[in-house]
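S.K.:
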Amino acid sequence: MANIGVYVELKEDKSKKSNKEAISLAKKSGKNVYAIIFTNNLDQHLDELKGVKKIIQIKDQDLFYQPDYYSDTISNIIKDFNLNDLIGICSAQGKDLFPRIAAKTDASLVNDCIDIDFENNLITKPVFAGRLLTKIRVEDEFKMYTIRPNVFPVHASDSEEEPEVITKELNKIELKTRIKEIVKSDSKKIDLTEADIIISGGRGMKEKENFKMLEEIAKLLNAGVGASRAAVDAGFATSDMQVGQTGKVVNPKLYIACGISGAIQHFAGMKTSKVIVAINKDSEAPIFKKADYGIVGDLFKVVPLLKKELEKIYTE
Amino acid sequence: MNIFVCIKQVPDTEATLSVKNGKTINEDGIKWIISPYDEHAIEEALKLKAKIPESNITLITLGPKRCESALRGGLAMGADHAIHIETEEHMDNRAIAKALAIAIKQEGNYNLIFIGKQAIDNDSYLTHIYLAENLGIPVSTNVTLFNYESEKVFVEREIDGGEKEKIEMTTPCVIGAAKGLNTPRYPSLMGMMKAKKIPIKKLSLQDLEIDEIDNKIIVEKLFAPAEKPQGRVIEGDIGDAVKELVKALKDEAKVL
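Same order as they appear, the protein sequences are chains A and B. Position one of the first sequence corresponds to residue 1 (my numbering), numbered consecutively onward. Position one of the second sequence corresponds to residue 1 (my numbering), numbered consecutively onward.
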């Protein structure tokens with residue numbers, strides 16, 4: 001039987017939320033699942049890895065992400081274990097690491113997959129920031145995929161079978177690209193691409209200071225704070241907050257757009273949100289055509305009231 | 001210093017997109033632009049040239065005849081030379097990166113290659129990393145800060161949750177430009193006049209000794225996603241509307 005690998009992405013030894021999706025998807029393929037995980041503390045991850053056939057654990061006293069080490073190590077694992085497919089997450093790290101592995105192993109990689117039909121070898125992925133979708137066939141022996149977070153179903157495993165654990169060392173090749181350090185963000189921001197809830201502000205926010213209102217609600221809901229391009233260009237928000245065609249593509253359960261008119265480029269970045277709420281004083285704003293719920297009104301009145309109502313639920 | 005900037009021509013972000021023959025977009029009436037991330041790549045090259053004036057900036061693109069206007073646009077911003085690998089063929093990212101790598105190598109010496117971290121049509125996030133791996137040189141993607149000092153490159157790249165990686169590379173290397181990197185300039189009138197006179201070097205795939213295109217990624221279908229049904233605007237007093245909204249989010253949509 002063919003073998004499929006899953007790269008289990010960790011951040012400071014904590015599992016990324018979407019690893020569950022990647023593992024569930026790999027199991028669905030019907031192939032032997034090999035989980036590839038870089039950790040010295042496997043025990044804390046075992047629950048999540050239930051039902052996989054083998055765990056390839058990479059150990060080292062320093063597992064700090066260096067793309068050259070990681071890509072070389074994984075490329076060798078692919079060869080040693082005859083993996084025919086490799087799945088990862090379309091995260092910042094996935095988009096850095098997977099193309100390197102694909103180039104080294106001469107594999108075909110498709111990033112940002114939203115559906116994978118293993119039986120018919122058909123992958124669905126958004127193009128033009130999701131304004132169109134494409135179905136792709138990969139004519140290659142070895143295929144790699146990164147999946148968009150929050151899209152694939154998660155199935156709990158009922159398997160009682162203990163996975164076999166194989167330990168490997170990190171291949172410390174010469175570093176061509178050296179990550180010296182990680183600069184933390186001033187405030188602990190929720191990663192927009194994985195966030196369950198996002199509250200975003202647009203030009204209607206009027207000034208940078210007013211984003212505090214959104215941050216307060218975000219804190220309450222454990223949500224991320226996003227922005228439209230207009231808000232970023234006006235200096236109200238930083239570019240890492242931008243949602244849209246030239247920003248992040250997000251996929252939360254709930255997206256609350258405050259003072260965003262809803263340009264086609266912004267919509268492209270958030271339209272797959274399960275529920276979209278629009279708050280805008282202009283009843284003609286295009287965002288209302290796309291929103292599940294809308295309130296026409298001054299956001300400086302609506303947002304504080306919204307906060308008050310949410311506090312009632314979340315502080316109960 | 002020899003700087004290359006790889007650019008791609010894409011439909012304007014405002015363009016209305018429709019599908020032709022179920023596989024490609026309908027190009028009629030489309031306004032074409034340089035992919036925005038590639039504009040950041042050009043701008044960063046120009047900024048470096050301002051510091052190291054003896055530098056040479058060469059733009060390079062691959063695509064049909066229409067892509068010439070993208071090169072003209074980049075020349076008008078201030079690039080010195082332009083190479084057009086002209087082909088009507090559909091090529092996947094791997095095939096494109098291979099062709100770009102061969103063309104850059106043919107030019108001789110290269111110190112830095114700037115390129116957008118993605119093109120906003122296919123959103124593949126692949127070409128720049130494949131290009132670097134083809135050339136066997138370092139690469140950073142999603143770069144929001146760039147510094148060059150005596151053959152060393154220092155960059156910051158944005159990762160998840162607003163954090164940044166500080167990275168060091170040696171030249172030659174590839175820089176995958178992201179939005180926070182800079183603000184691309186508009187071409188000046190003089191720049192546009194000057195750009196018209198710069199000859200564009202035309203190359204065919206045969207010139208690169210590519211006889212056969214080995215596409216592994218085959219597009220079977222291109223289509224528009226299903227539209228969401230129109231939602232509802234909650235009318236009435238704002239206080240009541242907000243209450244109703246929160247109730248609906250909690251009980252009806254179950255997202256709170």
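Each residue gets a CB set at the ideal place from its N, CA and C atoms; glycine is no exception. Computed from a prediction, not measured in an experiment: that's the story for all the values here.
Which residue marks the beginning of the beta strand (DSSP E) containing D117 (chain A), and which one marks its end?
M.R.: Counted from its first residue, the first sequence places residue 117 (chain A) at position 117. D117 (chain A) -> beta strand (DSSP E) spans D115 to D117.
S.K.: Assign S71 (chain A) to buried or exposed, taking buried as 16 or more other Cβ atoms, counted over all protein chains shown, within 10 Å of its Cβ.
M.R.: Working through the first sequence from its first residue, we reach residue 71 (chain A) at position 71. Under this definition S71 (chain A) is a buried residue.
S.K.: Per DSSP, A129 (chain A) forms a beta bridge with which residues?
M.R.: On the first sequence, residue 129 (chain A) is found 129 positions in, with the first residue counted as 1. None, per the DSSP bridge assignment.
S.K.: To the nearest whole angstrom, what separates the beta carbons of A45 (chain B) and F114 (chain B), a pair I think is in contact under 8 Å?
M.R.: Working through the second sequence from its first residue, we reach residue 45 (chain B) at position 45. Working through the second sequence from its first residue, we reach residue 114 (chain B) at position 114. Contact flag correct, Cβ pair sits at about 5 Å.
S.K.: According to DSSP, simplified to helix, strand and coil, what is D211 (chain B)?
M.R.: Here residue 211 (chain B) refers to the residue found at position 211 when the second sequence is read from its first residue. Residue state, collapsed to three classes: coil.
S.K.: Determine the extent of the alpha helix (DSSP H) in which T105 (chain A) is found, giving its start and end residues.
M.R.: Your numbering for residue 105 (chain A) matches position 105 in the first sequence. From DSSP, the alpha helix (DSSP H) with T105 (chain A) extends over A92 to T105.
S.K.: Quick test of your reading: K368 (chain A) and S91 (chain A), contact by CB under 8 Å. State the CB separation rounded to the nearest angstrom.
M.R.: Since the first residue of chain A shown is 1 and the last is 316, residue 368 (chain A) is not available in this structure.
S.K.: Excluding sequence positions up to five away, which residues of its chain have a Cβ less than 8 Å from the Cβ of K105 (chain B)?
M.R.: Reading the second sequence from its first residue, position 105 is the one you call residue 105 (chain B). Answer for K105 (chain B): L135, listed in chain order.
S.K.: So, helix, strand or coil for E209 (chain A), using DSSP?
M.R.: Locating residue 209 (chain A) in the first sequence gives position 209, counting from the first residue. Three-state result, E209 (chain A): helix.
S.K.: Could you run through the stretch 195 to 222 of chain B and flag, in chain order, every residue whose CB is less than 9 Å away from some CB of chain A?
M.R.: Under the 9 Å Cβ criterion, the stretch 195 to 222 of chain B contributes N215, K216, I217, I218, V219, E220, K221 and L222.
S.K.: Using a threshold of 7 Å, state whether the C-beta atoms of S55 (chain B) and I3 (chain B) are closer than that.
M.R.: If you number the second sequence from 1, residue 55 (chain B) lands on position 55. If you number the second sequence from 1, residue 3 (chain B) lands on position 3. Taking 7 Å as the Cβ cut-off, S55 (chain B) and I3 (chain B) qualify as a contacting pair.
S.K.: Less than 7 Å between the beta carbons of I37 (chain A) and P163 (chain A), yes or no?
M.R.: Indexing the first sequence from 1 puts residue 37 (chain A) at position 37. Indexing the first sequence from 1 puts residue 163 (chain A) at position 163. In this structure, P163 (chain A) does not lie closer than 7 Å to I37 (chain A) by Cβ.
S.K.: For N258 (chain B) versus K117 (chain B), is the C-beta spacing smaller than 7 Å?
M.R.: What the structure shows of chain B is the stretch from 1 to 256, and residue 258 (chain B) is not part of that stretch, so it cannot be assessed.
S.K.: In the structure shown, what three-state DSSP assignment does M144 (chain A) receive?
M.R.: The residue labelled residue 144 (chain A) in the question sits at position 144 within the first sequence. If DSSP states are grouped into helix, strand and coil, M144 (chain A) belongs with the strands.
S.K.: Cβ atoms of A26 (chain A) and V6 (chain A): under 7 Å apart, would you say?
M.R.: Position 6 of the first sequence, counted from the first residue, corresponds to residue 6 (chain A). Position 26 of the first sequence, counted from the first residue, corresponds to residue 26 (chain A). Yes, the pair counts as a contact, with Cβ atoms nearer than the cut-off.
S.K.: From what residue to what residue does the alpha helix (DSSP H) around I313 (chain A) run?
M.R.: The residue given as residue 313 (chain A) occupies position 313 in the first sequence. L299 to Y314 is the extent of the alpha helix (DSSP H) around I313 (chain A).
S.K.: Within the same chain, show all residues whose beta-carbon is closer than 8 Å to that of V243 (chain A), passing over the 5 residues directly before and after it, in chain order.
M.R.: What you label residue 243 (chain A) is simply residue 243 of the first sequence in a count that begins at 1. So the list reads L192, I198, S200, G226, A227, S228, V249, V250, H266, G269 and M270, once near-sequence residues are dropped.
S.K.: Please return the same chain residues whose Cβ sits closer than 8 Å to the Cβ of I102 (chain B), not counting the five positions on each side in sequence.
M.R.: Counting from one through the second sequence, the residue named residue 102 (chain B) turns up at place 102. Once the five neighbours on either side are set aside, the close Cβ partners of I102 (chain B) are L208, E209 and I210.
S.K.: Which residues bound the beta strand (DSSP E) around H84 (chain B)?
M.R.: Numbered from its first residue, the second sequence carries residue 84 (chain B) at position 84. Note, H84 (chain B): beta strand (DSSP E), H81 to E86.
S.K.: Would you tell me roughly how many angstroms separate the C-alpha atoms of A138 (chain A) and F211 (chain A), rounded to the nearest one?
M.R.: Reading the first sequence from its first residue, position 138 is the one you call residue 138 (chain A). Reading the first sequence from its first residue, position 211 is the one you call residue 211 (chain A). The identity of residue 138 (chain A) in the sequence shown is Val, whereas the question assumes Ala. Using only the alpha carbons, I get a separation of about 44 Å.
S.K.: Between the beta-carbon of V165 (chain A) and the beta-carbon of K20 (chain A), is there less than 7 Å?
M.R.: Sequence index remark: in the first sequence, residue 165 (chain A) carries index 165 (1-based). Sequence index remark: in the first sequence, residue 20 (chain A) carries index 20 (1-based). No, the pair does not count as a contact, with Cβ atoms beyond the cut-off.
S.K.: So L59 (chain B) and N93 (chain B) are supposed to be a Cβ contact under 8 Å. How far apart are they, rounded?
M.R.: If you number the second sequence from 1, residue 59 (chain B) lands on position 59. If you number the second sequence from 1, residue 93 (chain B) lands on position 93. Contact doesn't hold; Cβ gap of about 19 Å is too wide.
S.K.: From the DSSP output, in three-state form, read off P36 (chain B) for me.
M.R.: By 1-based counting over the second sequence, the position of residue 36 (chain B) is 36. P36 (chain B): helix per DSSP, three-state reduction.
S.K.: If A218 (chain A) and G224 (chain A) are in contact, beta carbons under 8 Å, what's the gap, nearest whole angstrom?
M.R.: Along the first sequence, one-based indexing puts residue 218 (chain A) at 218. Along the first sequence, one-based indexing puts residue 224 (chain A) at 224. So it is a contact: roughly 6 Å between Cβ atoms.
S.K.: How about Q66 (chain A) and L175 (chain A): do their beta carbons lie closer than 7 Å?
M.R.: Your numbering for residue 66 (chain A) matches position 66 in the first sequence. Your numbering for residue 175 (chain A) matches position 175 in the first sequence. The answer is yes: Cβ separation under 7 Å.
S.K.: With distance defined between alpha-carbon atoms, name the residue in B:A82, B:D251 and B:T13 nearest to I57 (chain B).
M.R.: Your numbering for residue 57 (chain B) matches position 57 in the second sequence. Answer by Cα proximity: B:A82.
S.K.: Taking C-beta pairs closer than 9 Å, name the residues in chain B that R131 (chain A) reaches, listed in chain order.
M.R.: Mapped onto the first sequence, residue 131 (chain A) falls at position 131. Chain B residues near R131 (chain A): L17, A224 and P225.
S.K.: Would you list the residues sitting across from T61 (chain B) in a DSSP beta bridge?
M.R.: On the second sequence, position 61 is the one that residue 61 (chain B) refers to. T61 (chain B) pairs with B:H84.
S.K.: Does the beta-carbon of A76 (chain B) have 16 or more other beta-carbons within 10 angstroms, so that it is buried, or is it exposed?
M.R.: Counting from one through the second sequence, the residue named residue 76 (chain B) turns up at place 76. Buried, because 16 or more other Cβ atoms sit within 10 Å of the Cβ of A76 (chain B).
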